[in-house]
Amino acid sequence: MDALIQSKSKARQRLLIEAGIVAAIALLLLFVIPPILVGSGQGFRVNLLGRYLALAIAALGIDLIWGFTGILSLGQGVFFALGGYSLAMFLLLQLPDGQLPDFFSPYGVTELPWLWQPFYSLPFTLFAIVFIPTIVAATLGYLVFRNRIRGVYFSILTQAALIVFFNFFNGQQKLINGTNGLKTDTATIFGQTVSSPPVQAFLYTLTILLLVGGYALSRWLTSGRSGRLLVAVRDDEARMRFSGYDPTMFKVLVFAISAGLAGIAGALYTVQSGIITPQAMNIAFSIEMVIWVAVGGRATIVGAILGTLIVNFAKSILSERFPQFWYFFQGGLFLIVVTVLPGGILGWLREDGVRLVRSQINKRRPLQTYPSLEEDPGVQYERKNLANRESDG
Amino acid sequence: MSEKILQIENLTVDFDGFRALNNLNFSLDTGELRVIIGPNGAGKTTFLDVITGKTKPTTGQVTFKGKSTKGNVEYQIARLGVGRKFQTPRIYLNLTPRENLELSCNRYKNVWNALFGKPSSAERRTVAGLIETIGLDAKADLKAALLSHGEKQRLEIGMLVAQSPDLLLVDEPVAGLTDEETENVGNLLLALAESHSIIVIEHDMEFVRQIARKVTVLHQGTVLCEGSMDEVQNDPRVIEVYLGKQEDDRAAA
């Protein structure tokens with residue numbers, strides 16, 4: 001029992017350290033990095049950083065469903081767009097009474113479509129950003145998972161859903177401005193233009209806070225029993241069933257949560273980039289999201305955030321220099337990660353990186369005998385126990 | 394106790410015209426250890442699939458503890474108290490043996506409990522005891538993927554026990570094990586038989602002789618005969634279909 005209490009207090013200590021590191025990074029992002037970027041004449045990169053941090057929230061969702069649970073969803077763009085459109089509709093309705101958003105007039109629409117009505121309300125909008133994607137994912141997920149559609153078939157289905165939603169949003173000019181999308185940067189909120197610096201600074205802060213929240217949620221979900229069950233779904237669903245668990249409900253839960261995270265990400269990304277169009281439901285974009293997680297490292301949580309930032313900053317810097325070649329870089333990056341670093345950047349750091357650093361600074365104790373004797377836990381255990389027995393006698 | 398824990402009546406399973414099970418009748422007393430043998434393709438695994446709800450019977454019904462299992466899916470039947478061990482060990486490779494056992498030991502298997510529940514200290518003690526029983530103390534906190542085949546087999550049997558089912562279905566538990574390990578598994582099953590009802594499917598005749606009290610022979614999806622090991626071995630029909638025809642006798646012996 002002593003060992004148990006000890007391990008518990010150790011776990012709490014580790015949790016505190018982790019919380020400290022997360023808080024430190026958040027503060028760094030909030031108060032140190034923006035002035036540095038502005039000071040070096042790269043002020044626009046703060047906005048980019050904010051957008052990429054928003055994308056990282058969607059990547060967290062993909063890490064949960066793909067990294068931990070092993071379900072590859074290629075349709076996260078749907079949820080991203082649903083969140084983005086929800087907030088954009090709210091912002092476009094911030095008008096004097098009786099006026100309609102500008103884009104309606106060329107189509108001859110004189111009355112606000114019923115779909116827009118609830119978006120006058122801020123509480124409803126906030127609810128919609130998270131829960132419309134969640135409900136759509138839970139419904140789709142329940143139907144698919146209950147019928148035991150798995151693996152690549154599920155991936156194809158999510159991609160098909162993506163195309164359905166894309167075509168719907170693309171074709172509805174009179175409802176949501178079709179392919180032109182909704183522009184939010186000239187809209188006003190609380191009397192300020194959305195693209196004005198104070199609002200953008202607020203959105204940047206909000207993004208960081210929500211990312212921290214998303215990180216905490218992911219950590220909580222993937223630790224303890226629920227985390228082990230997610231891994232169990234990935235490892236052997238049949239075993240789970242025959243042990244009395246219903247994998248369907250666990251899969252629906254994780255799919256719904258990942259969709260909710262994508263919705264939040266979409267809303268935050270939209271208001272920081274100033275526009276949401278059906279291109280958010282482009283197939284390539286949803287696949288890109290998976291690439292971020294693969295680059296950072298599956299099932300690592302931090303890796304999802306790191307991968308998103310690295311890939312997107314690489315994208316923005318490389319596409320400034322070599323506008324035509326970004327897609328080659330991206331494809332190359334994915335190939336390298338899949339073939340050379342299957343665990344992603346973080347997986348590599350945890351496995352080989354630690355070994356490399358240790359061997360460089362010679363911290364590792366050189367082996368005295370054979371590795372099997374030095375490192376086999378069974379042998380170690382016996383040695384420890386035999387030693388105890390001797391001291392007893 | 395002569396109450397029937399499992400009763401199967403007129404069970405037929407048709408796979409697109411292929412009869413895997415054909416009008417099969419079977420019953421198991423509470424607390425009984427039964428071994429099922431039969432040549433390849435006799436329908437042994439399908440038989441377990443039907444009991445555990447993986448395969449739906451075309452006709453006929455399965456009654457477990459006096460209730461029909463019709464309409465229940467795998468996890469519901471597992472919760473009724475049927476545990477199954479597969480031919481090749483099925484464990485969660487990316488979890489440690491301790492975590493594997495904990496998941497099986499957990500009584501409340503809904504999503505809510507997975508999110509907010511914590512293993513009780515009684516569960517933790519059960520798991521610690523089981524780890525010792527299956528001899529994995531030293532490797533309890535390593536990934537299960539690193540275990541050897543025999544250790545995985547033992548871990549899966551441990552998971553089955555942790556689930557504490559009333560009926561254990563064990564599919565070829567000693568495939569690929571050494572003689573010593575085989576005997577260990579046999580003793581483990583005999584010990585379990587004191588408090589559980591068990592059905593074992595096996596090919597290894599030495600092993601069957603070690604554990605069997607009553608043997609059922611399946612052939613072409615139906616019960617060929619039932620009885621003690623000696624009775625079954627001397628049954629001319631069994632000799633013909635399973636142990637080989639006269640001219641193969643020498644090879645079989």
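Going down the list, the sequences are from chains A and B. Using the numbering used here, you'd call the opening residue of the first sequence number 1 and step up by one each time. Using the numbering used here, you'd call the opening residue of the second sequence number 394 and step up by one each time. For every residue, glycine included, the Cβ atom is placed at its ideal position computed from N, Cα and C.
(1) Report the residues of the region 537-568 of chain B with a CB closer than 8 Å to any CB of chain A, ordered along the chain.
(2) If you follow the alpha helix (DSSP H) that L560/B is in, where does it begin and where does it stop?
(3) Report the three-state DSSP secondary structure of F165/A (helix, strand or coil).
(4) Could you check where the alpha helix (DSSP H) with D442/B kicks off and where it finishes?
(5) Among all the DSSP beta bridges, which residues are the ones paired with R427/B?
(6) DSSP three-state label for S621/B, please.
(7) Please state whether the Cβ-Cβ distance between N180/A and F103/A is less than 9 Å.
(8) Just the C-alpha distance for P198/A and V46/A, rounded to the nearest angstrom, thanks.
(9) So, for K351/A: in the same chain, excluding its five sequence neighbours on each side, which residues have a beta-carbon less than 8 Å away from its beta-carbon?
(10) If you draw a straight line from the C-alpha of L157/A to the C-alpha of L37/A, how long is it?
(11) Which same chain residues, not among the five before or five after G274/A, have their C-beta less than 7 Å away from its C-beta?
(12) Determine, using beta carbons only, whether V78/A and V136/A come nearer to each other than 9 Å.
(13) With DSSP as the reference, please indicate the residues paired to Q192/A in a beta bridge.
(14) Are there 16 or more other CB atoms within 10 angstroms of the CB of H542/B, so buried, or fewer, so exposed?
(15) So that I know if they touch, is there some Cβ in chain A lying closer than 9 Å to that of R472/B?
(16) How many whole angstroms separate the CB atoms of G61/A and A294/A, which I take to be in contact at a CB cut-off of 8 Å?
(17) I'd like to know whether the C-beta of M249/A is nearer than 9 Å to at least one C-beta of chain B.
(18) DSSP three-state label for F411/B, please.
(19) Kindly examine the ligand NAP and report whether one of its heavy atoms sits closer than 8 Å to the Cβ of T519/B.
(20) Quick one, which residues of the region 519-534 of chain B are near chain A if we go by CB-CB under 9 Å, in chain order?
(21) For a contact meaning CB atoms closer than 7 Å, what does P377/A contact in chain B?
(22) For V231/A, which residues in chain B fall below 8 Å Cβ to Cβ?
(23) Give the residues from the region 154-172 of chain A that approach chain D closer than 9 Å (Cβ to any Cβ), ordered along the chain.
(24) Using the Cα positions of S420/B and Q6/A, report the straight-line distance between them to the nearest angstrom.
(25) By the 8 Å beta-carbon criterion, what residues does the region 488-504 of chain B contribute toward chain A?
(26) Please list the terminal residues of the continuous beta strand (DSSP E) segment that includes F457/B.
(27) List the residues of chain A that A507/B touches, going by C-beta distances under 8 Å, in chain order.
(28) Just how far apart, CA to CA, sit F457/B and G424/B?
(29) Can R219/A and N487/B be called in contact, C-beta distance under 9 Å?
(30) Taking DSSP's pairing of strands, which residues face K397/B in a bridge?
(31) With a cut-off of 9 Å, does the C-beta of V466/B fall near any C-beta of chain A?
(32) Tell me, please, which residues DSSP counts as bridged to L404/B.
(33) For the beta strand (DSSP E) that contains G476/B, what are its first and last residues?
(34) Taking the alpha-carbon positions, what's the L15/A to A521/B distance?
(35) Between A187/A and L91/A, what straight-line distance do the alpha-carbon atoms span, to the nearest angstrom?
(36) So what's T248/A in DSSP terms, helix, strand or just coil?
Taking the structure as given:
(1) M552 and Q556
(2) Looking at the DSSP string, L560/B is not in any alpha helix (DSSP H); the run it does join, the beta strand (DSSP E), is L560 to D564.
(3) helix
(4) K437 to T445
(5) I592/B and K607/B
(6) coil
(7) yes
(8) 13 Å
(9) Sequence inspection shows Glu at residue 351/A; the Lys mentioned does not correspond to that position. Once the five neighbours on either side are set aside, the close Cβ partners of E351/A are G343.
(10) 42 Å
(11) K183, T184, D185 and S195
(12) yes
(13) I189/A
(14) exposed
(15) yes
(16) The pair is not a contact, with the Cβ atoms about 15 Å apart (cut-off 8 Å).
(17) yes
(18) strand
(19) The ligand NAP is not part of this structure, which contains no ligands at all.
(20) D530, A531, K532 and D534
(21) A531, K532 and L535
(22) Y485, N487 and L488
(23) This model lacks chain D altogether; the protein chains it does include are A and B.
(24) 51 Å
(25) L488, E492, E495, L496, S497, N499, K502, N503 and V504
(26) T452 to F457
(27) R225, S226, L229 and F250
(28) 13 Å
(29) no
(30) D422/B
(31) yes
(32) L417/B
(33) V475 to K478
(34) 25 Å
(35) 6 Å
(36) helix
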